[in-house]
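Protein chains in written order, with this note's numbering: chain A, 363 to 614; chain Z, 17 to 528. One structure below.
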């Protein structure tokens, strides 16, 4: 009640100031004073109640997400390279942890504020994306894009069941040259370790089409996406190796 | 008839040109004497005409340090001593004397006065004292100094000096392996995470660093070739190298121009004592704690890298063909108790020896070819094994299959001269460097990627290297494609080598 009395006084003060300035009719002055009083209430309440401030900010972001541009979100998603780990459809692969893997992020169950918080300060191997790299507005667009994607149970796996053909293709296309026959990689060739893969199929295909390192790009004319899916299935079939500590020769 | 022997030497120059170029690039002193027949009336037709030239040294002049054509015996004596002195003064390189058949074979008349000059070797050039002091100042003041060694340790003393410099500064070391510069398990050895260290460095010292520019830049070899610096813009770059004292124009092995802040012309090993002394004198007592902290961080990073290497080796551990990691781990298990020497380059097996073995003696690594000439491996291994024989060392050669096919006769040389050498074929059945290049080009045109092996694969028929070696008198086994068979086969072959003979194991391996 005491606070309310204070704002009542503030309204009067504004009314007096504007009257003196002769800027508007008394009715309009009263209306402006009331608006300022209400705004000040909000500011004071937010300042003394942090939880309320978060709620308000979350509300703003939620509003942005509601109006987020999913199409631009897809563009940002690819431009920032999110697809290179999480896949073009945010589908992820495997279980993150000691065996590797990237979490599924489509369609995200997080609220937008939590999503933004995670991108800004991620856990695990994901690098942080600061506001200089990607703005809140862009993240809201990405969020809208991810929300629009199909949830996990409605997506169908495109991975073939047989791995024999994939292995044959892996060798025929010469992938083993740099990556080894089991995709173990090599520091000398710069071929990354591929087996078992830690990125989803769509990210695998995206990378083959437009790699960033020494690997040459392979167009769809050179290797079809179907063949890449077969090779991916082969790589997925490669078991995780035993830890080094269990191999005597690696503890000499 | 002996003239024919001398004339034929020109033909050998043709055959050995790549070996000479490798030695030139690798700063190796090689003393070469070639023959010729200048007097046209003395040439036996038709062969000696085909093998005689006007300027016999011309074909090697671009990649030798000096050559001469002495026309009298006294001239020959002076040039012979001079050639040795030039070759042995850093930067060391091959020298060539052309000795005409007439000079070689004509009788010496009794009244000929000859004098052979005494040999007084030139002292190696040292870096200017002011510049050395400035280099020491920069290194002492640096927060993250990085030392990059390439052809730095010429002698066992050089290895000890490099260790002393690194330990005095508690600085990260990157070994580019042109020589045996630094122990593989030394806690300051950061070679495998060198790029990370270079990115954080505020001062980088390169010692006899063949490619300084390439060390501090990344290079993307794609449709459009691009590069970018790895280092910070304010990083101070210091080079000490005798290579600065000698350049030739035609062959471009001097690499891209590095923009050094301090370029000290001088032999690195000869300059190290004064550099270490200057570092020690400028190192204030209050810096020692910071240096210890830096050393502790580097030690922890080294341990993490070792563990990461071991984990990386587990991938394809039981694969057939055998992974290069498994191959090297199996070899290490059998030789670690011996006085061993690796007489082959490790680049073709993804540097697993450096990653998995304890390498700490000056003779345990022989560097690399220098000019990247294929066919270097097998003869270099036999030569190094010959040098090791006198010391009773077990010479180990991880031999690439394509490389051996350039001069398989060297196996017979090893057998004939009873040179103890364990050769383990890294038989990946292709010229893989070429396969990858052809593959890139095929991909560039989006066609025929799967045909990149045409002309580059060594199959259909595959080569049976054990039979090839057996035919030249070696003990040999293989091909081995099951990794479980490696250990007993290695034990049998090592037993043969320890008896003083060469042995070969043919192993089917993964590409790299």
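Think of the CB as a built atom: it goes at the ideal place given N, C-alpha and C, for glycine as much as any other residue.
Exercise. Apply the 10 Å Cβ neighbour rule to residue 515 of chain Z and answer buried if 16 or more other Cβ atoms are within range, or exposed otherwise.
Key: For this step, residue 515 of chain Z is matched to residue 499 along the second chain. Classification of residue 515 of chain Z: exposed, given that the 10 Å Cβ count is below 16.
Practice problem: Return the residue from the list Z/180, Z/400 and Z/477 that minimises the CA-CA distance to residue 169 of chain Z. | Solution: Translated into positions along the second chain, residue 169 of chain Z becomes position 153. Nearest of Z/180, Z/400 and Z/477 to residue 169 of chain Z, Cα basis: Z/180.
Self-check item: Near-chain Z residues of the segment 483-494 of chain A (beta-carbon distance less than 7 angstroms), N- to C-terminal order
Solution: none
Quiz item: What separation, rounded to the nearest whole angstrom, lies between the Cα atoms of residue 302 of chain Z and residue 287 of chain Z?
Solution: Locating residue 302 of chain Z in the second chain gives position 286, counting from the first residue. Locating residue 287 of chain Z in the second chain gives position 271, counting from the first residue. Going from the Cα of residue 302 of chain Z to the Cα of residue 287 of chain Z covers about 27 angstroms.
Quiz prompt | Top-ranked residue by Cα proximity to residue 450 of chain A, from A/562, A/530 and A/473 | solution = Along the first chain, one-based indexing puts residue 450 of chain A at 88. For the residues A/562, A/530 and A/473, the minimum Cα distance to residue 450 of chain A belongs to A/562.
Quiz item: With a cut-off of 8 angstroms, does the C-beta of residue 363 of chain Z fall near any C-beta of chain A?
Solution: What you label residue 363 of chain Z is simply residue 347 of the second chain in a count that begins at 1. Yes, because at least one Cβ of chain A sits closer than 8 angstroms to the Cβ of residue 363 of chain Z.
Quiz prompt | Through-space distance from residue 132 of chain Z to residue 138 of chain Z, alpha-carbon basis | solution = Position 122 of the second chain, counted from the start, is the residue given in the question as residue 138 of chain Z. Position 116 of the second chain, counted from the start, is the residue given in the question as residue 132 of chain Z. Whole-angstrom Cα-Cα distance: 18 angstroms.
Quiz item: To which residues of the same chain is residue 424 of chain Z closer than 8 angstroms at the C-beta, ignoring the five residues directly before and after it?
Solution: Counting from one through the second chain, the residue named residue 424 of chain Z turns up at place 408. Counting only Cβ-Cβ distances below 8 angstroms, and skipping sequence neighbours, we find 394, 484 and 488.
Quiz item: How is the beta strand (DSSP E) around residue 236 of chain Z delimited, first residue to last?
Solution: Here residue 236 of chain Z refers to the residue found at position 220 when the second chain is read from its first residue. Start and end: 233-236.
Quiz item: Can you find a CB in chain Z that lies within less than 8 angstroms of the CB of residue 550 of chain A?
Solution: Translated into positions along the first chain, residue 550 of chain A becomes position 188. Answer yes: the Cβ-Cβ gap between residue 550 of chain A and chain Z drops below 8 angstroms somewhere.
Self-check item: Cross-strand partners of residue 519 of chain Z (DSSP beta bridge)
Solution: Here residue 519 of chain Z corresponds to residue number 503 of the second chain, with the count starting at 1. According to DSSP, residue 519 of chain Z bridges with Z/438 and Z/491.
Quiz item: Quick one: is residue 583 of chain A near chain Z, going by C-beta distance under 8 angstroms?
Solution: The residue you call residue 583 of chain A lines up with position 221 of the first chain. Cβ-Cβ to chain Z under 8 angstroms: yes for residue 583 of chain A.
Quiz item: Of the residues that make up the segment 365-387 of chain Z, which ones have a beta carbon closer than 7 angstroms to any beta carbon in chain A?
Solution: 366 and 367
Practice problem: Evaluate contact between the segment 425-432 of chain Z and the segment 378-398 of chain Z, counting only Cβ atoms and requiring at least three cross-stretch pairs below 8 angstroms. | Solution: yes
Exercise. Could you pull out every residue in the same chain whose Cβ sits closer than 7 angstroms to the Cβ of residue 458 of chain A, ignoring the five residues on either side in sequence?
Key: Start at 1 with the first residue of the first chain, and residue 458 of chain A comes out as number 96. Note on residue 458 of chain A: pLDDT 47, under 50, position unreliable in the model; no value is reported.
Quiz item: Run through DSSP, which three-state label would residue 356 of chain Z get?
Solution: Start at 1 with the first residue of the second chain, and residue 356 of chain Z comes out as number 340. Of the three classes helix, strand and coil, the one that applies to residue 356 of chain Z here is strand, per DSSP.
Quiz item: Interface residues of chain A around residue 497 of chain Z at Cβ under 7 angstroms?
Solution: As a position in the second chain, residue 497 of chain Z is number 481, starting the count at 1. Those do not exist, as residue 497 of chain Z stays about 12 angstroms from chain A at its closest Cβ, beyond 7 angstroms.
Practice problem: Spell out whether any CB of chain Z is found under 8 angstroms from the CB atom of residue 542 of chain A. | Solution: Counting from 1 along the first chain, the entry for residue 542 of chain A is found at position 180. It does: the Cβ of residue 542 of chain A has a partner Cβ on chain Z nearer than 8 angstroms.
Quiz prompt | 3 or more residues per run - each beta strand (DSSP E) lying fully within the segment 236-277 of chain Z | solution = 242-245 and 252-257
Quiz item: Over what stretch of residues does the alpha helix (DSSP H) that includes residue 350 of chain Z continue unbroken?
Solution: For the purposes of this step, residue 350 of chain Z is taken as residue 334 along the second chain, with counting starting at 1. Element bounds for residue 350 of chain Z: 340-351.
Exercise. Rank Z/365, Z/524 and Z/388 by C-alpha distance to the C-alpha of residue 552 of chain A and give the top, closest one.
Key: As a working note, residue 552 of chain A is residue 190 in the first chain. Of the listed residues, the one whose Cα sits closest to residue 552 of chain A is Z/365.
Quiz item: Who are the neighbours of residue 609 of chain A on chain Z, taking C-beta pairs under 9 angstroms?
Solution: Taking the first chain and counting its residues from 1, one reaches residue 609 of chain A at position 247. The contacting residues are 326, 329, 330, 333 and 345.
Exercise. Label residue 128 of chain Z either buried or exposed according to how many other C-beta atoms from any shown protein chain fall within 10 Å of its C-beta, with 16 as the threshold for buried.
Key: Counting from one through the second chain, the residue named residue 128 of chain Z turns up at place 112. It is exposed - the Cβ of residue 128 of chain Z has fewer than 16 other Cβ atoms within 10 Å.
Practice problem: Would you mind giving the Cβ-Cβ distance between residue 339 of chain Z and residue 526 of chain Z, rounded to the nearest angstrom? I have them listed as a contact below 8 angstroms. | Solution: Within the second chain, numbered from 1, the residue matching residue 339 of chain Z stands at position 323. Within the second chain, numbered from 1, the residue matching residue 526 of chain Z stands at position 510. Right, their Cβ atoms sit about 5 angstroms apart.
Quiz item: Is residue 154 of chain Z closer than 8 angstroms to residue 254 of chain Z when the C-beta atoms are compared?
Solution: For the purposes of this step, residue 254 of chain Z is identified with residue 238 of the second chain, where counting begins at 1. For the purposes of this step, residue 154 of chain Z is identified with residue 138 of the second chain, where counting begins at 1. Contact: yes.
Quiz item: chain A beta carbons: is any one of them nearer than 8 angstroms to that of residue 445 of chain Z?
Solution: Stepping through the second chain from its first residue, residue 445 of chain Z is reached at position 429. For residue 445 of chain Z, the answer is no, since every Cβ of chain A falls outside 8 angstroms of its Cβ.
Quiz item: Is any heavy atom in the ligand ADP found nearer than 7 angstroms to the beta carbon of residue 419 of chain Z?
Solution: With respect to the ligand ADP, the structure offers nothing, as it holds no ligand at all.
Quiz prompt | Interfacial residues, the segment 236-255 of chain Z to chain A, with Cβ spacing under 9 angstroms | solution = 236, 237, 238 and 239
Practice problem: Kindly indicate the opening and closing residues of the beta strand (DSSP E) around residue 465 of chain Z. | Solution: In the second chain, residue 465 of chain Z corresponds to position 449, counting from 1. Segment: none, residue 465 of chain Z is in no beta strand (DSSP E) and carries neither H nor E.
Practice problem: Give the DSSP-derived three-state secondary structure of residue 378 of chain Z in the structure shown. | Solution: Position 362 of the second chain, counting from 1, holds the residue named residue 378 of chain Z. Coil.
Quiz item: Does residue 460 of chain Z get closer than 8 angstroms to chain A when you measure Cβ to Cβ?
Solution: Residue mapping note: residue 460 of chain Z aligns to position 444 of the second chain, counting from 1. So yes, residue 460 of chain Z belongs to the interface.
Quiz item: Roughly how many whole angstroms lie between the Cα atoms of residue 106 of chain Z and residue 100 of chain Z?
Solution: The residue labelled residue 106 of chain Z in the question sits at position 90 within the second chain. The residue labelled residue 100 of chain Z in the question sits at position 84 within the second chain. When rounded, the distance between both Cα atoms is 12 angstroms.
Quiz item: Since residue 84 of chain Z sits in a beta bridge, which residues does DSSP pair it with?
Solution: What you label residue 84 of chain Z is simply residue 68 of the second chain in a count that begins at 1. In DSSP, residue 84 of chain Z forms a bridge with Z/113.
Exercise. For chain D, find out if any of its Cβ atoms is closer than 8 angstroms to the Cβ of residue 526 of chain Z; answer yes or no.
Key: In the displayed structure, chain D is absent; the protein chains listed are A and Z.
Exercise. Could you say which of Z/496, Z/342, Z/493 and Z/390 lies nearest to residue 546 of chain A if we only look at CA atoms?
Key: Stepping through the first chain from its first residue, residue 546 of chain A is reached at position 184. That would be Z/342, whose Cα lies nearest to the Cα of residue 546 of chain A.
Practice problem: Pull up the CB-CB distance for residue 474 of chain Z and residue 445 of chain Z, whole angstroms please, since I reckon it's below 8 angstroms. | Solution: Within the second chain, the letter at position 458 stands for residue 474 of chain Z. Within the second chain, the letter at position 429 stands for residue 445 of chain Z. At roughly 5 angstroms, the Cβ-Cβ gap stays under 8 angstroms, so residue 474 of chain Z and residue 445 of chain Z are in contact.
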